[in-house]
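J.: Residue numbers are given in my numbering: position 16 of the sequence shown equals residue 16, and the series is strictly consecutive.
I am attaching a structure below and will ask some questions about it afterwards.
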Amino acid sequence: MKLEIDGIHKINNKDLEKYITKKIGGLDKYLSKHSKKSAHASVKVKEVTVKTKKECVCEVILSLPGERLTAKESTMNMFAAVDIVEEKIKTQLRKYKDAHKRPKVAKIRNFLRGIRTGKKQVL
């Protein structure tokens, strides 16, 4: 998976960059082999001042074959925003994977496991 990190308003923190790479880059384990090759994640982080208080905004756009997943969160801490966005994208990835999974293959695999163990299962 290709990972692109954009920092708006000069957020160039190496620790934050490593953290984003670890969290968002680690999402490729939820992708199929086909999706891993063409997946592209764009992460945008910025600080925004809203009524005299600073908020950190993190937005992730994950482009997959046939779909685009997005998540955006603003909190007081940039690391917390990255964590929340990661959970949102992870949930969307599970739904994407379930929707694109071939259900017949799973049923046949379970049926064959039942035959090997001696249990009877009905398709």
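Ideal placement from N, C-alpha and C gives every residue a C-beta, glycine not left out.
Note that the coordinates shown come from a computational prediction; the quantities given were computed from them, not determined experimentally.
Please report the residue range of the beta strand (DSSP E) in which Gly7 lies.
T.: In the sequence shown, counting from the first residue as 1, residue 7 sits at position 7. Looking at the DSSP string, the run of the beta strand (DSSP E) that includes Gly7 is 2 to 7.
J.: Alpha carbon to alpha carbon, how far is Ile84 from Lys46? Give it in angstroms, no decimals.
T.: Here residue 46 refers to the residue found at position 46 of the sequence shown. Here residue 84 refers to the residue found at position 84 of the sequence shown. Taking the straight line joining both Cα atoms gives about 15 Å.
J.: Classify Ser42 as helix, strand or coil using the three-state DSSP reduction.
T.: Within the sequence shown, numbered from 1, the residue matching residue 42 stands at position 42. In the structure shown, Ser42 sits in a strand (DSSP, three-state: E or B).
J.: Pick out whichever of Asn110, Gln92, Ile115 has its Cα sitting closest to the Cα of Tyr30.
T.: Taking the sequence shown and counting its residues from 1, one reaches residue 30 at position 30. The residue with the shortest Cα to Cα distance from Tyr30 is Gln92.
J.: Do you know how far the Cα of Phe79 is from the Cα of Glu4?
T.: What you label residue 4 is simply residue 4 of the sequence shown in a count that begins at 1. What you label residue 79 is simply residue 79 of the sequence shown in a count that begins at 1. Taking the straight line from one Cα to the other gives about 17 Å.
J.: Three-state secondary structure (DSSP) at Leu31?
T.: In the sequence shown, counting from the first residue as 1, residue 31 sits at position 31. Three-state result, Leu31: coil.
J.: Can you tell me the Cα-Cα spacing of Lys72 and Lys36, whole angstroms?
T.: Here the question's residue 72 lines up with position 72 in the sequence shown. Here the question's residue 36 lines up with position 36 in the sequence shown. Their Cα atoms are separated by approximately 22 Å.
J.: May I ask you to report which of helix, strand or coil DSSP gives Lys22?
T.: Along the sequence shown, one-based indexing puts residue 22 at 22. Looking at Lys22 - three-state DSSP - the assignment turns out to be helix.
J.: Measure the alpha-carbon distance for Asn13 versus Lys23 and round it to whole angstroms.
T.: As a working mapping, residue 13 is identified with position 13 in the sequence shown. As a working mapping, residue 23 is identified with position 23 in the sequence shown. In a straight line, the C-alpha of Asn13 is about 15 Å away from that of Lys23.
J.: Does the Cβ of Glu87 have 16 or more other Cβ atoms within 10 Å, making it buried, or fewer, making it exposed?
T.: In the sequence shown, residue 87 corresponds to position 87, counting from 1. Per the 10 Å Cβ criterion, exposed.
J.: What is the DSSP secondary structure of Lys72, reduced to helix, strand or coil?
T.: Your numbering for residue 72 matches position 72 in the sequence shown. Correct three-state label for Lys72: strand.
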